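Here is the structure we will look at, set down as structure tokens.
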Amino acid sequence: MGARSRSFVRAVLVCLWVAACGAPPEEPQALVLPLVGGRLVPAGQWETAVALTRGGMITCSGTLVHPRLVVTAAHCVRGLGDPEALQEAGVYVGPGAEGGAVRPTVGITRAVMHPLYKKARPEALFGRYDVGLVILAEPLHAIATVPLLTDVAETREALVPGRELLLLGYGFRDREEDVARYGRKYAAWTHVAAVGRAELRAGGAAADACAGDSGGPALVRLEGGSFRLVGLASRGPVPCADDTKPGKWSVLRETACWIEEASGVDLARGDLDCAPPLRSSQETPEGESFPARCEAAKNLGPGPRRTLRALAAALGEPVSAAGSPDCQRLGERLAATEVLSLEDLALTDLSPLAGLAGLRRISLRGNWLRSLAPLERLPDLQWVDVTANGVDEPEQARRLEARGVVVAGGEAQLVP
């Protein structure tokens, strides 16, 4: 490959059809993620890790999660709304080739970016919710896929700092980003450095992702030996494999409901709650008693039921064999409770709390809350801690503060 071709490939990998490619990034370190420190994956192994191509060149990595569906980074599918670009694009299955020139295995009929991608900072080159979907023109039935990590118990076991992750991708394999060392499928083991609701940090000097690995999978091996798909490579330091700046990976449990809705494919396992969260206090009936809301919550999704079990455990109340508390008794106990701690319990839905009188302080650190709206219906609330939840509705926190409620935390944080 000549020098001009090498320069072109490198430019495609760094820009990846981003409109702001000619401008300096908002964060100097945030460029597209190669597996530095990895080993070659033999042909026929880990075929769930695939490559996205354009014009016969590998541009990104991805993960086959269904015969017709590949998940990848949102920035990898940017520009594929154009019919000409979509016609040039494809998905490749195989060990890859040095230099990245391959023949696509299957074409693409549709590509979708997550609607919240870069919502908080639209001027940035990259951002959170860096998840995209690729719908294949033909199904790939012969390839074994890895389930998404969505079960709460498995997630709490796996998403902790220090946990080993297996990374897969077709990107550059050294810090110099030499095109001659690009385009083969490599695997590398690394460790989780920090965990947030929508993203985690992983990698470092020993092994990390790099340009061309964007959208590639991060897999965790559970205690029983089976693997789960945790997330997708998003962005990281330049040059790659910097021990002081681990790469960022999009956590797929956070976007699993959107993946199902946008693709029409049922992927969820375990107790994933895809019910839409409350967006305003008006969505909960005025004057409804806690026992009534509690009984109703028993018949709703796993999110409200998990909150009820957490409330019962916090107050030492028993639950039935089916995991349900005595709603009347729990309501009486809560009415006499002013301070409540519900930390690190993987809670997603606070709707059973709406309208509860008497509660003044509540700590909700380290949960997976999708909305703070039920807290607006706590008439006596004075203080709440929502650190490391990543609620993407800052106006809800502002409404609480306007009422005189002290709100600690707010935007998602990577918890060491």
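Using full-length UniProt numbering, the letters of the sequence shown map in sequence onto residues 1 to 416. C-beta atoms are modelled at their ideal positions from N, C-alpha and C, and glycine is treated no differently. The model shown is predicted, which means the values in this text are computed figures rather than measured ones.
Extent of the continuous beta strand (DSSP E) run through residue i
i: V220; result: P217 to R221
i: E343; result: From DSSP, E343 is part of no beta strand (DSSP E); its letter is neither H nor E.
i: W46; result: Note, W46: premise wrong, no beta strand (DSSP E); not H, not E.
i: A292; result: Per DSSP, A292 belongs to no beta strand (DSSP E); it is in the alpha helix (DSSP H), F290 to A297.
i: W249; result: G247 to V251
i: E199; result: E199 to A202
i: L400; result: L400 -> not in any beta strand (DSSP E); alpha helix (DSSP H) instead, spanning P394 to A402.
i: L136; result: G132 to L136
i: S61; result: M57 to H66
i: W189; result: Y186 to V195
i: S363; result: R361 to S363
i: I108; result: V106 to M113
Contacting residues, own chain, Cβ-Cβ under 7 Å from residue i (five flanking each side not counted)
i: R103; result: G56
i: L356; result: F290, L334 and L378
i: P161; result: V192, A193, A194, V195 and P416
i: G107; result: G90 and A137
i: A23; result: Its pLDDT being 30, under 50, A23 is placed unreliably in this model, and the coordinates cannot settle the point.
i: E288; result: G355
Same chain only: Cβ atoms within 8 Å of residue i, ignoring 5 sequence neighbours per side
i: E295; result: C327
i: V146; result: T48, T63, V65, P217, L219, F227, R228 and L229
i: G358; result: L334, A335, A336, T337, E338 and D380
i: R163; result: H191, V192 and V220
i: R297; result: In the sequence as displayed, the identity of residue 297 is Ala instead of Arg. For A297, where only same-chain residues beyond five positions count, the Cβ hits under 8 Å are P304, R305, T307, L308, S351 and P352.
Range of the contiguous alpha helix (DSSP H) that encloses residue i
i: C327; result: C327 to A335
i: H75; result: A74 to V77
i: R305; result: P302 to A314
i: T155; result: V152 to A158
i: C257; result: A256 to S263
i: E88; result: P83 to E88
CA nearest to the CA of residue i, picked from the options
i: residue 436; options: L159, L345 and F172; result: No statement about residue 436 is possible, as the shown extent of the chain runs from 1 to 416 and does not include it.
i: residue 421; options: V319, E88, Q45 and S341; result: The requested residue 421 does not occur in the structure, where the chain is confined to residues 1 to 416.
i: A256; options: G203, V406, T72 and A312; result: T72
i: G303; options: T348, L340 and S341; result: T348
i: G231; options: G301, A85, R128 and A137; result: R128
i: A313; options: L340, R293 and A297; result: L340
i: P67; options: P394, V265 and L350; result: V265
i: G224; options: A188, R235, E157 and W189; result: E157
i: L315; options: R305, P394 and L342; result: L342
Beta carbon of residue i nearer than 8 Å to that of residue j
i: E199; j: W258; result: no
i: T109; j: I135; result: yes
i: F172; j: R181; result: yes
i: S263; j: L69; result: yes
i: V93; j: L140; result: yes
i: G132; j: M113; result: yes
i: S61; j: A322; result: no
i: L272; j: T150; result: yes
i: Y117; j: A74; result: yes
i: T307; j: P352; result: yes
i: A43; j: P95; result: yes
i: R197; j: E254; result: yes
Backbone CA spacing between residue i and residue j [nearest angstrom]
i: N299; j: P325; result: 13 Å
i: Y186; j: L165; result: 14 Å
i: P260; j: R361; result: Here residue 260 turns out to be Glu, not Pro, going by the sequence shown. Taking the straight line from one Cα to the other gives about 36 Å.
i: R329; j: V251; result: 38 Å
i: E88; j: T105; result: 13 Å
i: N367; j: D385; result: 11 Å
i: D130; j: A408; result: 26 Å
i: V405; j: L372; result: 12 Å
i: L364; j: E332; result: 21 Å
i: G215; j: G301; result: 30 Å
i: C274; j: A310; result: 19 Å
i: W111; j: R54; result: Strictly speaking, residue 111 in this sequence is Ala, with Trp absent from that position. Between A111 and R54, the C-alpha separation is close to 13 Å.
i: L167; j: L40; result: 12 Å
i: E401; j: L80; result: 42 Å
i: V50; j: Q396; result: 40 Å
i: F8; j: G99; result: With a pLDDT of 40 at F8, under the threshold of 50, the predicted position of this residue should be treated as unreliable, though the coordinate-derived value follows. Approximately 11 Å between the Cα atoms of the pair.
i: P318; j: Q382; result: 28 Å
i: S394; j: S320; result: A small correction: the amino acid at residue 394 is Pro; Ser does not occupy that position in the sequence shown. Going from the Cα of P394 to the Cα of S320 covers about 37 Å.
i: R399; j: L350; result: 17 Å
i: A59; j: R235; result: Correcting the residue identity first, residue 59 is Thr in this sequence and not Ala. C-alpha separation (whole angstroms): 14 Å.
i: A101; j: D82; result: 22 Å
Min CB distance residue i to chain C below 8 Å
i: D266; result: This model lacks chain C altogether, as it is built from one protein chain only.
Same chain only: Cβ atoms within 6 Å of residue i, ignoring 5 sequence neighbours per side
i: E27; result: Reliability of the predicted coordinates at E27 is poor, the pLDDT of 33 falling under 50, and no value is obtained from them.
i: residue 423; result: Past the boundaries of the shown model lies residue 423; the chain is included only from 1 to 416, so the question cannot be answered.
i: L148; result: L229, L252, A256 and L267
i: A97; result: G183
i: R403; result: none
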